[in-house]
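Notes follow once the structure below has been shown.
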Ligand SMILES: [Cu+2]
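Dropping the structure here:
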């Protein structure tokens, strides 16, 4: 099924696009930089903390990203992406209505909830249908997200816009001294890379290695400026890209203070100059703009193809801008001191007596040998072969339960990837990164996670709290969406 107008698909390299738009381009490999003349909009906030319910409607629309040219897109409650849904602990009723002509789903990525309400491939919302579920939320505050998860369609549907942010909030951020005024000192940044043709229309060219775009979108917008007060600002960053891995830094070199990983707050801010963020991962950072100097969140170029796997630190040269910040002196900063202890703790599960499982993320022939043209994702046009990718040699099969886990039983999942880096996501739980390549995890990976970038090998420690039946199993998969769709996924029940 095609979401886009096929006539807009073009096969040309990035230089053509750069020449065509004539935009100020300072980013290697990035075609559209924008002009920084317009202010970044936050996604609409859908606050369900008081009402205990929210509704999402999958709908088709047109979105003008660049060059005043409309692209066919899909979104939740709007034409592209969805609202920031804010929920509190307790029971929340979610309604997902599907007005599209194809099945979609809404997987609550990062929620520790039963398999039956997880929104994965076994809970499609058929065309014209409605899905009503109760989400029993018991986990602490975190920035989670939601996106469609129909097997074989996840990459195209998310690329076209079927994703949004789900914030779990206990309402105590003021007491913690954390910025919490949405859109003022608490900013949501959904970072995605997308390809646009020379007329500025969204295009999708399947590639086995995952599609890399020629343009950065933040909250579905190109080249906007975020206006912030001259104080401490909280940035919640979601990597909502299909395949691109970012190495986040501030252009000025100023410190970032990490306060949360995927699945929750750290005990106290962690000062860092760089944070790696793979597809599906979230990070929350505090940035102090007290010196009132403009700055930008930037990323290094990171190569991740089967030919160049594991070249994280070598980068590939250069960096590009994700989001520019300007200070408005008229905004009075609400938070001027770095928060202290948040009251949360680092995960410290006991691995004694844990069930040991091994997962090898396999590229197969198609992935391994077709990598030559995949650089930048703009010239490699090979179509993904069905099920060319697998885990432990088994491509995903909707009718097969790959493993059975027990509630309360500690498990260590040893995940390895040889040819390139893969972000590994597990449904229905949060986990602790125990070791990365035999070493203690990188500082920014020490909090609760639900997605971990496997650059070689990592041991993940977890303990399942919720049930998942054989009819509504949890997934584990690579979060490069083209890999997931091509079979790098498995499923499991928990009882
Ligand atoms: Cu992968």
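In the numbering used here, the protein residues as written are 571 to 1065.
Just so you know, even glycine gets a beta-carbon here, dropped at the ideal spot from N, CA and C.
All values derive from a computational prediction rather than experimental measurement.
| Item | Value |
| --- | --- |
| For residue 573, three-class secondary structure by DSSP | Note that residue 573 has pLDDT 38, beneath the 50 cutoff, so the model's placement of it is unreliable and no number is given. |
| CA-to-CA distance, residue 636 to residue 752, given in whole angstroms | 26 angstroms |
| Check: residue 778 C-beta below 7 angstroms from any heavy atom of ligand 1 | no |
| Where residue 1014 falls: helix, strand or coil (DSSP) | helix |
| Pairwise C-alpha distance: residue 1048 and residue 960 | 10 angstroms |
| Nonlocal neighbours in the same chain, by C-beta distance under 7 angstroms from residue 611, ignoring five residues either side | 789, 791 |
| CB contact flag (residue 707, residue 670, <8 angstroms) | no |
| Nearest residue (CA-CA) to residue 719, options 991, 1005, 679 | 679 |
| Three-pair Cβ contact test at 8 angstroms for the segment 896-906 versus the segment 915-923 | no |
| Buried or exposed (CB count within 10 angstroms, at least 16 for buried), residue 977 | exposed |
| Contact set for residue 899: own chain, Cβ-Cβ below 8 angstroms, skip 5 residues either direction | 800, 862 |
| Euclidean distance between Cα positions of residue 855 and residue 1036 | 30 angstroms |
| Residues that residue 706 bridges to, as DSSP identifies them | 661 |
| C-beta contact flag for residue 655 and residue 770 at 8 angstroms | no |
| Near ligand 1: residue 1023 beta-carbon under 7 angstroms from a heavy atom | no |
| As assigned by DSSP and simplified to three states, the class of residue 727 | helix |
| The segment 845-853 contacting the segment 801-819, beta-carbon criterion three pairs below 8 angstroms | yes |
| beta-carbon residue 1050 near ligand 1 non-hydrogen atom, thresh 7 angstroms | yes |
| Buried versus exposed call for residue 1057 [16 or more other C-beta atoms within 10 Å across all chains shown] | buried |
| Sequence-distant residues of its chain with Cβ nearer than 8 angstroms to residue 919 (five each side left out) | 980, 1002, 1031, 1032, 1033 |
| Span of the beta strand (DSSP E), counted from its first residue to its last, around residue 981 | 980-987 |
| Inter-stretch contact at 8 angstroms, needing at least 3 Cβ pairs: the segment 822-835 / the segment 772-781 | no |
| Distance between beta carbons of residue 609 and residue 803, contact taken as under 8 angstroms | 15 angstroms between Cβ atoms; not a contact. |
| beta-carbon residue 931 near ligand 1 non-hydrogen atom, thresh 7 angstroms | yes |
| Length of the line joining the Cα atoms of residue 772 and residue 915 | 43 angstroms |
| Residue burial classification, residue 812 (beta-carbon count within 10 angstroms, cutoff 16) | buried |
| Residue span of the alpha helix (DSSP H) that contains residue 746, given as start and end | 743-746 |
| Distance, residue 638 Cα to residue 945 Cα | Bear in mind that the predicted position of residue 945 carries a pLDDT of just 31, short of 50, making it too unreliable to give a figure here. |
| Residue 679: CB within 7 angstroms of a non-hydrogen atom of ligand 1 | no |
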